[in-house]
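*Asks:* The sequence shown runs contiguously to residue 588 in the working numbering.
Where is the CB? At the ideal position from N, CA and C, for every residue including glycine.
Take a look at this one; I'll ask things after.
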Amino acid sequence: MVEVHNMTSPDLWQEGGESENSPCMLGALPIIYYSGLLCLGLPVNILNVIVLSHLAIKTQKSSYRYLLSLSASDILTQFFIIFIGFILKTAILQRKIPDPLEHTISVLEFAANHASIWITVVMTIDRYYALCHPLRYRMVSYPERTHRIIAMVFAMALITGIPFYWWSDMWRVSNPPTVLDQVLIWIHCFIIYFIPCSLFLIVNSLIVYKLKKKAPANRSGKTTAILLTVTTVFAILWAPRTVVVIYHLYVSSANRNWKVHLMLDLANMLAMLSTAINFFLYCFVSKQFRVTVKEVILSFCKH
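Below, the structure is given as structure tokens:
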């Protein structure tokens, strides 16, 4: 989940001191950026869902079903974090909503975020078995099993989102981080970055090693290329967010230091970009995806 509130409030981490807000140096830019990201991201993710549904039915590949569920989780992430968390709550309403509702929205934001990331993890493991253990993979890979795994990931994402009901708003907290704050921030960093990226590095390395040993005629490269591209882009886009959150926890808060405030704003904007660019990555890597996109658009135009 990404904190996107820019309406800062006191946080000097000092008892009895006068409170001052760290200024938002970006002005109206976050509103423009997130509005544009939503206007771009929702249509392309919906188109992603339609195209990947066609490919999943046509090819019966589990990888397309995982990509389909990734697009669905990206839509949920954009809806809960960008639309509700920022545009509606902060930019339009511009006032604090009741705590129970705000904390419930926080749970849904984290859950959508976790689902998006861990669907990619599951797909990475699926690709590893498809390439490195093809005989065993053919025995255990079928649509019903894939659907059960996807449903399990979404259920676990919701469960792991529940503890973040007690997540503190980084811009509005008025006290030093409590033990609970520290625990939640470290859990957050491990769930959304350290563990997934470690798995991406290990499993993708095994996949690349296996592909190098195979003959050049290997035909499974396109889906694997999509996977490697998506995981690499995710690791790059989410790295600044993870670093700044930990820096905020131990060095200086976003409210005490305008530089941290600025870094956190930019890191959040960069991290959320990952929810809107997968469509373009798929188009760049896969000719089959581009052809199906063209067919889908032409079919809509005919109607």
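#1: Should L416 and P448 be called a contact, given that it needs their Cβ atoms to be closer than 8 Å?
#2: Does S537 come out as helix, strand or coil in the three-state DSSP assignment?
#3: Give the secondary structure of T463 by DSSP, where H, G and I count as helix, E and B as strand, and everything else as coil.
#4: Assuming H418 is part of the alpha helix (DSSP H), what are its boundary residues?
#5: Less than 7 Å between C-beta atoms, sequence neighbours within five positions excluded: which residues of the same chain meet that for L512?
#6: May I ask you to report which of helix, strand or coil DSSP gives Q345?
#7: Quick check: what's the CA-CA separation for A561 versus I317?
#8: Tell me which residues share the same chain as C482 and place their Cβ nearer than 7 Å to its Cβ, disregarding the 5 neighbours each side in the sequence.
#9: Is the beta carbon of F371 closer than 8 Å to that of L393?
#10: Return the chain-ordered list of same chain residues with a C-beta closer than 7 Å to the C-beta of Y567, the five sequence neighbours on each side being excluded.
#11: For H546, count the other beta carbons within 10 Å of its own beta carbon; 16 or more makes it buried, fewer makes it exposed. Which is it?
#12: In angstroms with no decimal places, state the Cα-to-Cα distance between S453 and D466.
#13: Report the CB separation of I435 from S354 in whole angstroms; it is logged as a contact under 8 Å.
#14: Here's a check: name, in chain order, each residue in its chain whose Cβ is nearer than 6 Å to the Cβ of I472, leaving out the five neighbours to either side.
#15: So L558 and L322 are supposed to be a Cβ contact under 8 Å. How far apart are they, rounded?
#16: Ordered along the chain, which non-local residues of its own chain (more than five positions away) have a Cβ less than 8 Å from that of P525?
#17: Nearest by alpha-carbon distance to L327: which of T362, F395, Y351 and T527 is it?
#18: Tell me which residues share the same chain as G301 and place their Cβ nearer than 7 Å to its Cβ, disregarding the 5 neighbours each side in the sequence.
#19: Assuming T431 is part of the alpha helix (DSSP H), what are its boundary residues?
#20: Taking the alpha-carbon of N398 as reference, which of P419, T344, I377 and S358 has the nearest alpha-carbon?
#21: Does A313 come out as helix, strand or coil in the three-state DSSP assignment?
#22: Between the C-alpha atoms of V578 and K572, what's the straight-line distance to the nearest angstrom?
#23: Would you decide whether H388 is buried or exposed? Buried here means 16 or more other CB atoms lie within 10 Å of its CB.
#24: Which residues bound the alpha helix (DSSP H) around Y494?
#25: Return helix, strand or coil for W543, following the three-state DSSP convention.
#26: Which stretch, first to last residue, makes up the alpha helix (DSSP H) that contains L583?
#27: So for T517, helix, strand or coil by DSSP?
#28: Just to check my reading of the structure: S347 and S401 have Cβ atoms closer than 8 Å, yes? What is that Cβ distance to the nearest angstrom?
*Replies:* In short, the structure shows the following:
#1: Translated into positions along the sequence shown, residue 416 becomes position 131. Translated into positions along the sequence shown, residue 448 becomes position 163. Not a contact, by the Cβ cut-off of 8 Å.
#2: Position 252 of the sequence shown, counted from the first residue, corresponds to residue 537. Correct three-state label for S537: coil.
#3: The sequence position of residue 463 within the sequence shown is 178, counting from 1. Here T463 sits in coil by DSSP.
#4: What you label residue 418 is simply residue 133 of the sequence shown in a count that begins at 1. No alpha helix (DSSP H) contains H418, which DSSP labels as neither H nor E.
#5: In the sequence shown, the residue the question calls residue 512 occupies position 227. M408, T409 and R412.
#6: Looking up residue 345 in the sequence shown gives position 60. The answer is coil: DSSP assigns Q345 none of H, G, I, E or B.
#7: One-based indexing of the sequence shown puts residue 561 at position 276. One-based indexing of the sequence shown puts residue 317 at position 32. Going from the Cα of A561 to the Cα of I317 covers about 15 Å.
#8: If you number the sequence shown from 1, residue 482 lands on position 197. Contacts found: A520.
#9: Translated into the one-based positions of the sequence shown, residue 393 becomes position 108. Translated into the one-based positions of the sequence shown, residue 371 becomes position 86. It is not a contact, given that the beta carbons lie outside the stated cut-off.
#10: Here the question's residue 567 lines up with position 282 in the sequence shown. Contacts found: I511 and F574.
#11: One-based indexing of the sequence shown puts residue 546 at position 261. Buried, by the Cβ-count rule.
#12: Along the sequence shown, read from residue 1 onward, the residue named residue 453 stands at position 168. Along the sequence shown, read from residue 1 onward, the residue named residue 466 stands at position 181. Going by the C-alpha atoms only, they are around 7 Å apart.
#13: For the purposes of this step, residue 435 is identified with residue 150 of the sequence shown, where counting begins at 1. For the purposes of this step, residue 354 is identified with residue 69 of the sequence shown, where counting begins at 1. The pair is a contact, with the Cβ atoms about 5 Å apart (cut-off 8 Å).
#14: Along the sequence shown, read from residue 1 onward, the residue named residue 472 stands at position 187. Closer than 6 Å at Cβ, skipping near neighbours: no residue.
#15: In the sequence shown, counting from the first residue as 1, residue 558 sits at position 273. In the sequence shown, counting from the first residue as 1, residue 322 sits at position 37. Contact flag correct, Cβ pair sits at about 7 Å.
#16: As a working note, residue 525 is residue 240 in the sequence shown. Excluding positions up to five away in sequence, the list reads M548, L551, A552, L555 and A556.
#17: Locating residue 327 in the sequence shown gives position 42, counting from the first residue. Nearest option by C-alpha distance: T362.
#18: By one-based count along the sequence shown, residue 301 stands at place 16. A caution first: G301 carries a pLDDT of 35, below 50, which makes its placement in the model too unreliable to give a value.
#19: Taking the first residue of the sequence shown as position 1, residue 431 is located at position 146. Element bounds for T431: P428 to G446.
#20: Position 113 of the sequence shown, counted from the first residue, corresponds to residue 398. Ranking P419, T344, I377 and S358 by Cα distance to N398 puts S358 first.
#21: Along the sequence shown, read from residue 1 onward, the residue named residue 313 stands at position 28. Coil.
#22: Residue numbering aside, residue 578 sits at position 293 when the sequence shown is read from its first letter. Residue numbering aside, residue 572 sits at position 287 when the sequence shown is read from its first letter. Computed Cα separation, rounded: 10 Å.
#23: Position 103 of the sequence shown, counted from the first residue, corresponds to residue 388. So H388 ends up on the exposed side.
#24: Residue 494 sits at position 209 when you count from the first residue of the sequence shown. That run of the alpha helix (DSSP H) goes I480 to K498.
#25: In the sequence shown, residue 543 corresponds to position 258, counting from 1. Note: W543 maps to helix in three-state DSSP.
#26: Indexing the sequence shown from 1 puts residue 583 at position 298. K572 to K587 is the span of the alpha helix (DSSP H), which, as asked, contains L583.
#27: Here residue 517 refers to the residue found at position 232 of the sequence shown. The answer is helix: DSSP assigns T517 an H, G or I state.
#28: The count along the sequence shown starts at 1 and reaches residue 347 at position 62. The count along the sequence shown starts at 1 and reaches residue 401 at position 116. Rounded, the Cβ-Cβ distance is 18 Å, inconsistent with contact.
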